[in-house]
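Here the structure is laid out as structure tokens; the discussion comes afterwards.
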Amino acid sequence: MVGKAPTPTMAIIDTQSVKTTETGGPERGYDGGKHVKGRKRHLLVDTLGLVLLVLVHSAACSDRQGAKIVLTEAAHRVPTLKKVLADGTYRGTLVDWVKQQCSFVLEIRLRPDERPGFVPIPQRWKIERTLGWLNRYRGLGVKIMEYAPESSACMGFFVTFHSVSCSVASVGGAG
């Protein structure tokens, strides 16, 4: 993209709890906050909404515990990162932990309390769009069908690749 560096300096993190099939497989648990029995998907996307990292594990794992794993991995895989945006779920001691352990800062962006419903927050809405892509693609937001968590994580990258490929094809006039 014109004017963009080839590697990102800013990313956005969020999680999504998703039910699994009855067979479940390994890494299945209960997210008490969202009342979901299944797995939790941690996503780290760039400012275009393209997936940088995906971690899929038991829904019983807290958002902050999963974020530590994702952000530690991001520090190694995306050394150009300077800032990661997050919602209020990640506030507290995690901000200080990231400052000490990673080469970037974790910035918390809170939604305004006075407006009910969905309020787009600058840059943060892009990860919500990516989660929407995942939800619409093969019903990934309804139920995780893959037995292994690693297969579920790969689907996050596949959906991004497919979405970008379709966009490039339509802009380029192919098809």
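By the UniProt record's numbering, the letter at position 162 of the sequence shown is numbered 162, and the numbering carries on one by one without gaps.
Ideal Cβ positions, reconstructed from N, Cα and C, are used throughout, including at glycine.
{"query": "Euclidean distance between Cα positions of residue 132 and residue 86", "result": "17 Å"}
{"query": "Secondary structure of residue 141, DSSP reduced to three states", "result": "Note on residue 141: pLDDT 48, under 50, position unreliable in the model; the coordinate value appears next. In this structure, residue 141 counts as coil in the three-state DSSP scheme."}
{"query": "Short Cβ contact (8 Å threshold) for residue 111 with residue 121", "result": "yes"}
{"query": "Residue of 31, 41 and 73 minimising C-alpha distance to residue 135", "result": "41"}
{"query": "Beta strand (DSSP E) runs contained entirely in the UniProt domain \"Transposase IS4-like\" (9-140), provided each spans 3 or more residues", "result": "10-20, 29-31, 36-46, 51-58, 83-86 and 105-108"}
{"query": "Cβ-Cβ separation, residue 46 to residue 8 (assumed contact under 8 Å), whole Å", "result": "4 Å"}
{"query": "The stretch 90-110 contacting the stretch 61-76, beta-carbon criterion three pairs below 8 Å", "result": "yes"}
{"query": "Residue 30 and residue 5 closer than 8 Å at C-beta", "result": "no"}
{"query": "With 16 other Cβ atoms within 10 Å as the buried cut-off, status of residue 96", "result": "exposed"}
{"query": "CA-to-CA distance, residue 16 to residue 22, given in whole angstroms", "result": "19 Å"}
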